[in-house]
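Taking it in order: structure first as structure tokens, then the write-up.
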Amino acid sequence: MTQRSQSTSRTLTLLQIMTALLALAGLVVAVYLASLGCTALSDSTPEGALRWPAIFGLLAEAAIVVCCMTALVAFFRMLGRLRKHSAFNVANERALGRMAASCGIAGAVCLAGPLCFMGIMRGILMRHPHVLFGSLDLTGCDHFILPYVWVELLGFLLVSVGTICWALMLLMRRAKELQDENDTIV
Amino acid sequence: MNTTAQRTRFVFSLLQVLTAIAALLVATAAYILIRVGIVWHFNAYAELSHSASPFLWIAAAIGTVGIVASAVCSFLALASFFCMCDRLKRARAFTRPNARTLKLIQRTNLFSAIACILTPILMDAFFLLSLGKEAGTWPLSLTWLGGFHWLLPIAFLYFGVSMAAKTLHALLLHAMALQEENDWTI
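First to last, the sequence lines map onto chains A and B.
If you're matching positions, the first sequence starts at 169 in our numbering and goes up one per residue.
If you're matching positions, the second sequence starts at 4 in our numbering and goes up one per residue.
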């Protein structure tokens, strides 16, 4: 094995470790957010006002987690294939396509989710102006808006990653065509 | 123009738009990190130690230089990525300028990652030194929840991008070799 391919192999292994760490960190954050959602589901407020927003939030979070995990697993497996020197093939092209679709869906949910959530909360406040939201201080606008900004940023990041995967898929297709042409001529 | 070429053009145009938005976000993040992470902490520590000691000024200077250096490197990487997308749109995928760009992206992101790891560590050390005899009153919550510690997860992100750029560089070299072989055969 040449020095360059050894270095590439090391980089790919490092990327696999980072992918696993990212998946773990993502799961920890998801479990923490889900526990917050479950607390809202058990709902200390009168009339169970927070139940529907909590269910909506949990469903959106589940969709995001499933999509992100699909993308990370596809990426992890693709890195494994790349380490075995099979760079331009149909499996990798499909993996990139799957990652692009997963990241795109997760990004769309992240971008649209907070807006829908804010709409639902606004509806609840209009219908039940007397409802107390416990620790949620709706008058302190900064605390109310800030988590949504984070989710929107995550959405932007996921859409960007999805677009990069899409671009790489198109480039990989072109490289595969070149390789096939080369093999045919040889 | 066929569908694949149109799609490629669209994807890379979208990536250019996303790059421009990312540049805007980097500038905003750098401003917030300097304003909240450094200025706010400077004032808080000055109040704790009853004066603005030289160590405090050094910590603020290190923080500002670290954040500005990371932001400049990010802008450099984003600008070169923007130009690369322009070249890729014109269907020149596997070329030396693109390989050079990926190498530049890899190096600038690695530098940013190192800056993002060193800055909070050095800032913490100097903040602690600035307290002097009051070191026993070092407020852990003030330091560890401080804005500039966001640089550590950002470093992970930079490092991941750097490793991905290194892998793509290796793949691009492989594709370039294929293309050259193909051209020679023809």
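Ideal Cβ placement from N, Cα and C applies to all residues, glycine included.
Remember, predicted model here, so these are calculated numbers, not experimental data.
Nearest residue (CA-CA) to residue i, options the options
i	options	result
residue 23/B	324/A, 338/A, 250/A and 336/A	324/A
residue 196/A	275/A, 317/A, 241/A and 233/A	233/A
residue 192/A	241/A, 206/A and 273/A	241/A
residue 160/B	36/B, 114/B, 41/B and 89/B	114/B
residue 235/A	329/A, 350/A and 346/A	329/A
residue 109/B	96/B, 80/B and 158/B	80/B
residue 238/A	255/A, 273/A and 322/A	273/A
residue 100/B	42/B, 179/B and 13/B	179/B
residue 21/B	331/A, 336/A, 174/A and 349/A	331/A
residue 186/B	8/B, 37/B and 97/B	97/B
residue 107/B	165/B, 69/B and 123/B	165/B
residue 92/B	102/B, 7/B and 188/B	7/B
residue 187/A	349/A, 326/A, 243/A and 352/A	243/A
residue 70/B	17/B, 11/B, 95/B and 155/B	155/B
residue 190/A	27/B, 157/B, 131/B and 78/B	157/B
residue 38/B	127/B, 27/B, 28/B and 67/B	67/B
Buried versus exposed, by CB contacts within 10 Å (16 or more), residue i
i	result
residue 270/A	buried
residue 44/B	buried
residue 307/A	With a pLDDT of 45 at residue 307/A, under the threshold of 50, the predicted position of this residue should be treated as unreliable, though the coordinate-derived value follows. The residue in question, residue 307/A, is exposed, as its Cβ has fewer than 16 Cβ neighbours within 10 Å.
residue 261/A	buried
residue 5/B	exposed
residue 221/A	buried
residue 31/B	exposed
residue 268/A	buried
residue 13/B	exposed
residue 347/A	buried
residue 281/A	buried
residue 123/B	buried
residue 293/A	exposed
residue 223/B	Nothing about residue 223/B can be reported from this structure: the residues present for chain B run from 4 to 189 only.
residue 33/B	buried
residue 40/B	buried
residue 11/B	buried
residue 1/B	Residue 1/B cannot be examined here, being either before or after the span of chain B that is shown, 4 to 189.
residue 182/B	buried
Sequence-distant residues of the same chain with beta carbon closer than 8 Å to residue i, five excluded per side
i	result
residue 129/B	58, 59, 61, 62 and 65
residue 229/A	198, 201, 202 and 205
residue 89/B	15 and 19
residue 72/B	114, 115 and 118
residue 288/A	220, 221 and 224
residue 76/B	111, 112, 114, 115 and 118
residue 320/A	278, 279 and 282
Neighbourhood of residue i by C-beta distance below 6 Å, restricted to the same chain and skipping five residues each side
i	result
residue 251/A	177 and 180
residue 104/B	83 and 87
residue 246/A	260 and 263
residue 381/A	No answer is possible for residue 381/A: the residues shown for chain A start at 169 and end at 354.
residue 56/B	133
Cβ shell of residue i (< 7 Å), same chain only, five flanking positions each side left out
i	result
residue 256/A	340, 343, 344 and 347
residue 334/A	268
residue 176/B	102
residue 125/B	65
residue 326/A	271, 274, 275 and 278
Checklist entry - Between the stretch 166 to 174 of chain B and the stretch 174 to 184 of chain A, are three or more C-beta pairs nearer than 8 Å? => result At 8 Å Cβ cutoff, the stretches touch.
Next on the checklist: Please identify, using Cβ separations under 7 Å, the residues of the stretch 220 to 243 of chain A that lie next to chain B, in order along the chain.
Outcome noted: Within the stretch 220 to 243 of chain A, no residue qualifies.
Next on the checklist: Taking 8 Å as the cut-off, does the stretch 33 to 49 of chain B touch the stretch 332 to 346 of chain A (at least 3 CB pairs, one atom from each stretch)?
Outcome noted: Because the criterion of three Cβ pairs below 8 Å is not met, the stretch 332 to 346 of chain A and the stretch 33 to 49 of chain B do not touch.
Checklist entry - For the stretch 15 to 43 of chain B, which residues have a CB atom closer than 8 Å to at least one CB atom of chain A, in sequence order? => result Legend: CB atoms of the stretch 15 to 43 of chain B lying less than 8 Å from CB atoms of chain A belong to residues 15, 17, 18, 21, 24, 25 and 28.
Checklist entry - Looking at chain A, which residues of the stretch 96 to 109 of chain B have a Cβ within less than 8 Å of any of its Cβ atoms? => result Answer set for the stretch 96 to 109 of chain B: 96 and 97.
Item to check | Interfacial residues, the stretch 66 to 97 of chain B to chain A, with Cβ spacing under 9 Å | outcome: Along the stretch 66 to 97 of chain B, the positions whose C-beta sits under 9 Å from a C-beta of chain A are 88, 91, 94, 96 and 97, read in chain order.
Checklist entry - What residues in the stretch 248 to 281 of chain A have a beta carbon less than 8 Å from any beta carbon of chain B? => result Residues passing the 8 Å Cβ filter: 250, 255 and 256.
Next on the checklist: Along the stretch 178 to 202 of chain A, where does the CB come closer than 7 Å to a CB of chain B? Name the residues.
Outcome noted: Here the close residues are 179, 180, 182, 183 and 186.
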